[in-house]
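Chemist: Numbering (the numbering used here), first residue to last: 101 to 375. My questions all concern the structure below.
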């Protein structure tokens, strides 16, 4: 998003804010933005910190071209201890958890390749926009390290058969296929990525931050439940939401034909319906 009203640089991770939209940028293009242990830790800290900031309405994760991210840093992965491997995949899973638990929608902006753990990050984000030349793959099988952790969000994003084809062959898919399969929301020309992401983020950030947080959490929570349990859970969430100041303001504004003035969001913790 670049050039906003604040920035922070840690290792090869740059954090900046432009109004209420925050960008977390992977910025090691010479090496295709690898996800080293240090970078993964910085990503966890960045997303968690932004998630706790009520001034942030949307979080964008991007990579400096020619890649979004080529995945784990293989130079770092060779000949390490069992403890190192446990740690790096633990931190990788922690990143997926903070993306999911952030109250704000998290959008992946992809311009280039997104492979292995890089593809995993895209799949884990709530939304994704990619340029037409972008490619996606989980090619770990080709080097004897199956993409077991990336399969978790990938299979949930694109389904069992398509995910297994990608995992078992290691073959890449293009951006158009990624959109068709549901890995990304839309495909744009390279010069239109920033504009498209800003437009998408802006269309989200105009709404109540508290309600967006409720909706995001409830969406993922109901996915893991049987249909009757999902209805019971969402019934309670929606009833609690209806009684909130946000809903009353929105309904009143609609009836009065005026713009809504949303209350400040609550602290980002806990289940929206406490069920």
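Note that CB positions come from ideal geometry on N, CA and C, so glycine has one too.
Taking the continuous beta strand (DSSP E) assigned at residue 206, which residues delimit it?
Modeler: Note, residue 206: beta strand (DSSP E), 206-210.
Chemist: State the DSSP-derived secondary structure class of residue 118, mapped to helix, strand or coil.
Modeler: In the structure shown, residue 118 sits in a strand (DSSP, three-state: E or B).
Chemist: Please classify residue 357: is it buried, with 16 or more other beta-carbons within 10 angstroms of its beta-carbon, or exposed?
Modeler: Looking at its Cβ environment, which holds fewer than 16 other Cβ atoms inside 10 Å, residue 357 is exposed.
Chemist: Could you name the residues of the same chain whose beta carbon sits closer than 6 Å to that of residue 374, not counting the 5 residues immediately before and after it, in chain order?
Modeler: Since pLDDT at residue 374 reaches only 41, below the 50 mark, its modelled position is unreliable, and no value is offered.
Chemist: Would residue 176 pass as a contact of residue 136 if the rule is Cβ separation under 8 Å?
Modeler: Cβ atoms of residue 176 and residue 136: closer than 8 Å.
Chemist: Short check: CB of residue 198 to CB of residue 158, under 8 Å?
Modeler: No; because the gap between Cβ atoms is not below 8 Å, this pair is not in contact.
Chemist: Quick one, which of 134, 151, 188, 312 has its alpha-carbon nearest residue 117's?
Modeler: Closest option to residue 117, Cα to Cα, is 151.
Chemist: Pull up the distance between the alpha-carbon of residue 140 and that of residue 169, whole angstroms please.
Modeler: Cα to Cα, residue 140 sits roughly 12 Å from residue 169.
Chemist: When we look at the beta-carbon of residue 204 and count the other beta-carbons within 10 Å, is it buried (16 or more) or exposed?
Modeler: Classification of residue 204: buried, given that the 10 Å Cβ count is 16 or more.
Chemist: Using the DSSP secondary-structure output, state which residues sit across from residue 215 in a beta bridge.
Modeler: Residue 215 is bridged to 237.
Chemist: Closer than 8 Å is the cut-off here; do at least three beta carbon pairs connect the stretch 251-258 with the stretch 307-318?
Modeler: Judged by Cβ distances under 8 Å, the stretch 251-258 makes no contact with the stretch 307-318, as fewer than three pairs qualify.
Chemist: Distance check for residue 323 and residue 206, CA to CA, integer angstroms please.
Modeler: Using only the alpha carbons, I get a separation of about 18 Å.
Chemist: Using three-state DSSP, classify residue 178 as helix, strand or coil.
Modeler: Note: residue 178 maps to coil in three-state DSSP.
Chemist: How about the stretch 229-236 and the stretch 271-282: do they share at least three Cβ pairs that are nearer than 8 Å?
Modeler: Yes, since at least three Cβ pairs between the stretch 229-236 and the stretch 271-282 fall closer than 8 Å, the two stretches touch.
Chemist: Select from 363, 229, 331, 246 the residue whose C-alpha is nearest the C-alpha of residue 300.
Modeler: Measuring from the Cα of residue 300, the nearest candidate turns out to be 229.
Chemist: Should residue 165 and residue 129 be called a contact, given that it needs their Cβ atoms to be closer than 8 Å?
Modeler: Yes; because the gap between Cβ atoms is below 8 Å, this pair is in contact.
Chemist: Can you tell me whether residue 231 is buried or exposed, with buried defined as 16 or more other CB within 10 angstroms of its CB?
Modeler: With 16 or more Cβ atoms within 10 Å of its Cβ, residue 231 is classed as buried.
Chemist: Using a Cβ-Cβ cut-off of 6 Å (strictly less than) and excluding sequence neighbours within five positions of residue 349, which residues of its own chain qualify?
Modeler: Answer for residue 349: 360, listed in chain order.
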